[in-house]
Amino acid sequence: MMDVPVSWYLILAVTLFGIGTVGVLTRRNLLVVLMSLEIMLNGVNLAILAFARHHGDAQGQAAVFIVMAVAAAEVAVGLALAIALFRHEGSVDLDRATRMKG
Amino acid sequence: MSDLLSISPLLVTAFTGMLVMALDLLAGQGRKAFLSWVTVAGFAVAGILAYVLWSGDPVVLQRPFLANVMLLDAHGWFFSEVVLLAGALAALLAADHMPEQGIDGGETYALLSFSVTGAILLMVATDLVTLFLGLEIMSLALYVMAAGKRSSPFSAEAGIKYFLLGGVASAFLLMGMAFLYGATGKLNLVDIARFLANHPEGADPLLVQGAMILLVVAMAFKVAAVPFHFWTPDVYEGAPTPVTAFMAGAVKAAAFAVLARLVLTLARAPAFQGTAFSPADLLLGLAVVSMVVGNLLGIVQTNVKRILAYSSIAHAGYLLLGVWATQASVSETGVQTLNDSVPFYLLAYAVSTVGAFGVLALLGRSGEEDMSLSRIAGLGRRHPVLGVALLVAVLSLAGLPPLGGFMAKFNLFRQVLAADPAGNLPWVILAVVMSVVGLYYYLRIVLYAFFREPEGQPVVAISSAAGSVALAVTVALALFLGIAPAKFLDASRMASQATVLTGSIAASRAGAAPVQTATPPAAAGIQLKPGVQIPVRTFNSKEGRGNLH
Numbered sequence: 001m002m003d004v005p006v007s008w009y010l011i012l013a014v015t016l017f018g019i020g021t022v023g024v025l026t027r028r029n030l031l032v033v034l035m036s037l038e039i040m041l042n043g044v045n046l047a048i049l050a051f052a053r054h055h056g057d058a059q060g061q062a063a064v065f066i067v068m069a070v071a072a073a074e075v076a077v078g079l080a081l082a083i084a085l086f087r088h089e090g091s092v093d094l095d096r097a098t099r100m101k102g
Numbered sequence: 103m104s105d106l107l108s109i110s111p112l113l114v115t116a117f118t119g120m121l122v123m124a125l126d127l128l129a130g131q132g133r134k135a136f137l138s139w140v141t142v143a144g145f146a147v148a149g150i151l152a153y154v155l156w157s158g159d160p161v162v163l164q165r166p167f168l169a170n171v172m173l174l175d176a177h178g179w180f181f182s183e184v185v186l187l188a189g190a191l192a193a194l195l196a197a198d199h200m201p202e203q204g205i206d207g208g209e210t211y212a213l214l215s216f217s218v219t220g221a222i223l224l225m226v227a228t229d230l231v232t233l234f235l236g237l238e239i240m241s242l243a244l245y246v247m248a249a250g251k252r253s254s255p256f257s258a259e260a261g262i263k264y265f266l267l268g269g270v271a272s273a274f275l276l277m278g279m280a281f282l283y284g285a286t287g288k289l290n291l292v293d294i295a296r297f298l299a300n301h302p303e304g305a306d307p308l309l310v311q312g313a314m315i316l317l318v319v320a321m322a323f324k325v326a327a328v329p330f331h332f333w334t335p336d337v338y339e340g341a342p343t344p345v346t347a348f349m350a351g352a353v354k355a356a357a358f359a360v361l362a363r364l365v366l367t368l369a370r371a372p373a374f375q376g377t378a379f380s381p382a383d384l385l386l387g388l389a390v391v392s393m394v395v396g397n398l399l400g401i402v403q404t405n406v407k408r409i410l411a412y413s414s415i416a417h418a419g420y421l422l423l424g425v426w427a428t429q430a431s432v433s434e435t436g437v438q439t440l441n442d443s444v445p446f447y448l449l450a451y452a453v454s455t456v457g458a459f460g461v462l463a464l465l466g467r468s469g470e471e472d473m474s475l476s477r478i479a480g481l482g483r484r485h486p487v488l489g490v491a492l493l494v495a496v497l498s499l500a501g502l503p504p505l506g507g508f509m510a511k512f513n514l515f516r517q518v519l520a521a522d523p524a525g526n527l528p529w530v531i532l533a534v535v536m537s538v539v540g541l542y543y544y545l546r547i548v549l550y551a552f553f554r555e556p557e558g559q560p561v562v563a564i565s566s567a568a569g570s571v572a573l574a575v576t577v578a579l580a581l582f583l584g585i586a587p588a589k590f591l592d593a594s595r596m597a598s599q600a601t602v603l604t605g606s607i608a609a610s611r612a613g614a615a616p617v618q619t620a621t622p623p624a625a626a627g628i629q630l631k632p633g634v635q636i637p638v639r640t641f642n643s644k645e646g647r648g649n650l651h
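First to last, the protein sequences are chains A and B.
Numbers 1 to 102, taken from my numbering, label the letters of the first sequence in order.
Numbers 103 to 651, taken from my numbering, label the letters of the second sequence in order.
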């Protein structure tokens with residue numbers, strides 16, 4: 001079986017992270033932004049897992065579970081905030097959330 | 103059992119949050135103000151425990167699963183006290199402000215307790231995963247608190263902006279941690295620092311440098327340093343005022359504690375020696391632009407909360423200058439540790455900024471919250487006590503004697519200069535000039551409060567016993583820190599000497615917990631293939647702003 005070198009995983013992870021970052025910065029729909037945030041975190045998870053395998057170390061795999069749990073909690077808060085925004089503005093478009101400027 | 107006692111400040115704050123949630127169910131509608139006193143009592147107990155248990159030599163935890171993830175020392179102690187103090191003051195300010203604003207619920211106090219728990223965990227953590235957990239516990243509670251005023255679209259907007267930027271910062275922090283893990287195969291900060299020092303060739307310099315950039319960027323978000331500050335004015339303005347006070351006072355202290363510990367511990371790595379890039383340059387750059395932008399943009403603001411937000415950005419700049427100008431450790435030769443004056447500065451800043459936001463929290467009536475400068479006109483004549491509290495807080499922020507802010511700034515600039523008298527002189531001069539520029543908007547607040555007549559409705563204050571106690575504490579502390587700072591400066595020195603994690607601490611800890619010596623021998627760092635470039639995505643302010651507006 002061919003062994004995939006760790007740098008390939010890392011390139012994929014950083015690419016995912018970059019896609020997520022661009023998504024957070026450019027998309028206007030709060031739900032899509034939340035998804036982009038998840039892609040960033042999944043990029044991180046992939047990187048940690050690849051490194052954990054490379055080092056033969058179980059700590060990294062445990063860390064990924066914790067990151068996943070925290071990400072789920074974060075999304076719960078994010079969705080609650082989306083509901084709060086929807087109640088006030090009637091949409092989850094971030095362009096509506098621009099009352100304060102300067 | 104003794105381990106449980108050692109970490110009891112954390113347990114007490116977490117338990118306070120749960121107790122408040124339970125009592126919230128029992129208390130009737132409109133009778134939630136006593137929960138703020140419960141919270142304060144919990145924080146006071148936690149503060150005393152932290153003083154008794156953590157202020158001396160580093161506590162040796164027996165169980166390996168605890169000893170590996172946290173270090174209870176003077177660093178954790180001092181910053182925990184700052185966070186607990188700011189949290190208790192915010193709880194007192196919320197007691198009458200929240201019902202006035204139509205937020206009648208105990209959840210603010212429960213969230214405050216959890217946020218404080220997270221902040222303390224963040225500051226005592228030596229393990230990257232624990233550090234991340236602490237940061238998230240602190241932040242998630244804060245996002246909800248910022249959006250806590252459900253009737254206000256501004257509050258929801260503040261919560262969303264804080265959440266999105268905080269989420270991005272967390273992701274950057276995690277990616278930085280992943281890179282560090284990849285370079286060293288370890289998650290414990292002490293082990294990482296030791297690995298980097300002992301195996302200069304083992305860790306890929308590209309990964310280590312990328313990790314450093316990502317970590318600094320993530321923490322720059324949290325401390326509100328330019329160019330990662332753009333969320334700050336909006337969030338400070340939209341969040342309920344006691345929550346803003348907590349954010350400005352406690353979260354900044356926690357974020358700076360972690361920033362200093364992470365960056366200064368890792369900056370000793372050989373990966374940074376002899377390269378064009380160094381973490382110090384990054385800190386200095388952030389410091390300079392934060393001082394300049396924070397003070398200049400503060401001038402054009404007309405909303406008091408926004409002025410204080412820009413003041414917070416400017417103070418982040420001075421503090422970054424302090425973190426940048428490290429000094430020699432007294433306990434260990436050849437080790438650079440955090441500047442003595444930084445913890446003291448954070449304490450003085452927390453007291454002053456909570457005082458300033460505290461006065462604002464006691465103004466306003468029946469849910470409307472307009473904090474434009476003209477609205478505080480005539481405050482000094484109408485409510486002299488509040489006026490004096492505002493005066494003391496704002497002058498302390500401006501750094502005028504004989505207040506705590508002056509002593510903090512004076513010590514900071516003096517010690518930055520002492521670190522390298524010739525090389526640091528331009529930066530200290532810039533900081534002093536920018537402080538003078540900042541004086542303009544601080545004095546503008548004073549001018550409006552004392553020398554302007556109100557145009558329309560005169561300003562009305564909420565009568566609040568708890569809030570008055572909080573303001574009295576801030577005024578007394580601001581004066582005390584300015585007049586008799588010796589004890590606090592000593593404590594600050596102890597804290598800063600413990601900030602940078604060094605090998606000797608690790609050695610004494612490893613001796614106490616023999617279980618953790620069973621590290622896998624195959625600890626060779628990762629070497630990327632030559633020619634493989636890792637694109638490190640740094641955050642560019644222009645892109646970032648596009649998200650918010």
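In this text, a Cβ means the ideal position worked out from N, Cα and C, and glycines have one as well.
Here the structure is a predicted model, which is why all the values come from computation and not from measurement.
Once you ignore the five residues that flank residue i on each side, which residues in its own chain have a CB closer than 7 Å to its CB?
| i | result |
| --- | --- |
| SER610 (chain B) | Only weak support exists for where SER610 (chain B) lies, its pLDDT of 43 falling under 50; the value from the coordinates is given anyway. Result list for SER610 (chain B): empty, nothing under 7 Å. |
| LEU112 (chain B) | THR219, ILE222 and LEU223 |
| VAL226 (chain B) | MET172, LEU173, LEU174 and GLY178 |
| VAL575 (chain B) | LEU191 |
| ALA458 (chain B) | LEU410, LEU492, ALA495, VAL496 and LEU499 |
| GLY90 (chain A) | none |
| VAL548 (chain B) | LEU493 and VAL496 |
Could you please give me the residues that DSSP links to residue i through a beta bridge?
| i | result |
| --- | --- |
| ASN405 (chain B) | B:SER474 |
| THR439 (chain B) | B:GLN429 |
| ALA563 (chain B) | B:LEU465 |
| VAL161 (chain B) | B:LEU174 |
| ASN29 (chain A) | A:ASP93 |
So, at 8 Å on beta carbons, what are the nonlocal neighbours of residue i in its own chain, with the 5 sequence-adjacent residues on each side left out?
| i | result |
| --- | --- |
| ASN62 (chain B) | Because chain B here runs from 103 to 651, residue 62 (chain B) falls outside it and cannot be looked at. |
| LEU488 (chain B) | VAL461, LEU464, LEU465, LEU481, ALA563 and LEU573 |
| TYR153 (chain B) | TRP179 and GLU183 |
| LEU532 (chain B) | VAL390, MET393 and VAL394 |
Between which residues of its own chain and residue i is the CB-CB distance below 6 Å, once the five residues before and five after are set aside?
| i | result |
| --- | --- |
| GLY149 (chain B) | GLU183 and LEU186 |
| HIS485 (chain B) | ALA563 |
| LEU244 (chain B) | SER217 |
| ALA359 (chain B) | PHE181 and MET225 |
| ALA625 (chain B) | Bear in mind that the predicted position of ALA625 (chain B) carries a pLDDT of just 34, short of 50, making it unreliable; the figure below should be weighed with that in mind. Result list for ALA625 (chain B): GLY287, in chain order. |
| THR621 (chain B) | The pLDDT assigned to THR621 (chain B) is 36, lower than 50, so where the model puts this residue is not dependable; a value taken from the coordinates is nonetheless given after this. If we look at THR621 (chain B) and ignore the five residues flanking it on each side, it has no Cβ neighbours. |
| ALA116 (chain B) | THR219 |
| GLY23 (chain A) | SER36 |
| ALA197 (chain B) | ALA135, SER138 and ALA568 |
| ALA551 (chain B) | ILE478, LEU481, GLY482, GLY489 and LEU492 |
| MET596 (chain B) | ALA176 |
On the DSSP letters alone, give me the boundaries of the alpha helix (DSSP H) that residue i sits inside.
| i | result |
| --- | --- |
| ARG165 (chain B) | First-last for ARG165 (chain B): undefined, no H or E at that position. |
| ASP105 (chain B) | 104-108 |
| LEU81 (chain A) | 58-89 |
| GLU557 (chain B) | Taken as a continuous stretch (DSSP letters only), GLU557 (chain B) belongs to no alpha helix (DSSP H), as it is neither H nor E. |
| ASP93 (chain A) | No alpha helix (DSSP H) holds ASP93 (chain A); DSSP gives it neither H nor E. |
| GLN599 (chain B) | 588-601 |
| THR141 (chain B) | 136-156 |
| ARG133 (chain B) | Per DSSP, ARG133 (chain B) belongs to no alpha helix (DSSP H) and is neither H nor E. |
| GLY671 (chain B) | Chain B is shown only over 103 to 651; residue 671 (chain B) falls outside these bounds and no answer can be derived. |
Quiz item: Along the chain, which unbroken stretches of the alpha helix (DSSP H) at least 4 residues long are found entirely within the segment 313-384 of chain B?
Solution: DSSP assignment within the segment 313-384 of chain B yields the following whole alpha helix (DSSP H) runs of 4 residues or more, N-terminal first: 334-340, 343-348 and 354-368.
Quiz item: In chain order, which continuous runs of the alpha helix (DSSP H) of length 4 or greater are located wholly inside the segment 494-545 of chain B?
Solution: Annotation note: the segment 494-545 of chain B contains the following uninterrupted alpha helix (DSSP H) runs of length 4 or greater, listed N- to C-terminal: 506-521.
Quiz item: Fully enclosed by the segment 169-253 of chain B, which alpha helix (DSSP H) runs are 4 residues long or longer?
Solution: Taking only runs of at least 4 residues, the alpha helix (DSSP H) segments lying wholly in the segment 169-253 of chain B are 176-202, 209-226 and 230-248.
Self-check item: Cβ pair count under 8 Å reaching 3, the segment 366-374 of chain B against the segment 283-299 of chain B
Solution: Result yes; three or more Cβ-Cβ pairs closer than 8 Å.
Quiz item: Is the number of C-beta pairs between the segment 77-87 of chain A and the segment 50-65 of chain A that are closer than 8 Å three or more?
Solution: The segment 77-87 of chain A vs the segment 50-65 of chain A: no contact.
Quiz prompt | Touching by the beta-carbon criterion (3+ pairs, under 8 Å), the segment 334-341 of chain B and the segment 252-270 of chain B | solution = Yes: the two stretches touch, three or more of their Cβ pairs being nearer than 8 Å.
Practice problem: Could you tell me whether the segment 197-209 of chain B touches the segment 128-147 of chain B, where touching means 3 or more Cβ pairs closer than 8 Å? | Solution: Contact holds: three or more Cβ-Cβ distances are below 8 Å.
Quiz prompt | Cβ contact check for the segment 556-570 of chain B and the segment 391-400 of chain B: 3 or more pairs under 8 Å | solution = With the cut-off at 8 Å, the segment 556-570 of chain B and the segment 391-400 of chain B do not touch.
Quiz item: Curious, which full-length beta strand (DSSP E) runs of at least 3 residues does the segment 278-316 of chain B contain?
Solution: Secondary structure remark: continuous beta strand (DSSP E) runs of at least 3 residues inside the segment 278-316 of chain B: none found.
Self-check item: At least three beta-carbon pairs within less than 8 Å, the segment 268-282 of chain B to the segment 35-44 of chain A
Solution: Touching, yes, given that three or more Cβ pairs across the two stretches are closer than 8 Å.
Quiz item: Any chance the segment 246-260 of chain B sits against the segment 14-23 of chain A, with 3 or more Cβ pairs inside 8 Å?
Solution: Flag = no, the segment 246-260 of chain B and the segment 14-23 of chain A do not touch.
Self-check item: Stretch-stretch touch, CB-based, cutoff 8 Å, three pairs: the segment 228-238 of chain B with the segment 303-315 of chain B
Solution: Fewer than three pairs of CB atoms, one per stretch, sit closer than 8 Å, so the segment 228-238 of chain B makes no contact with the segment 303-315 of chain B.
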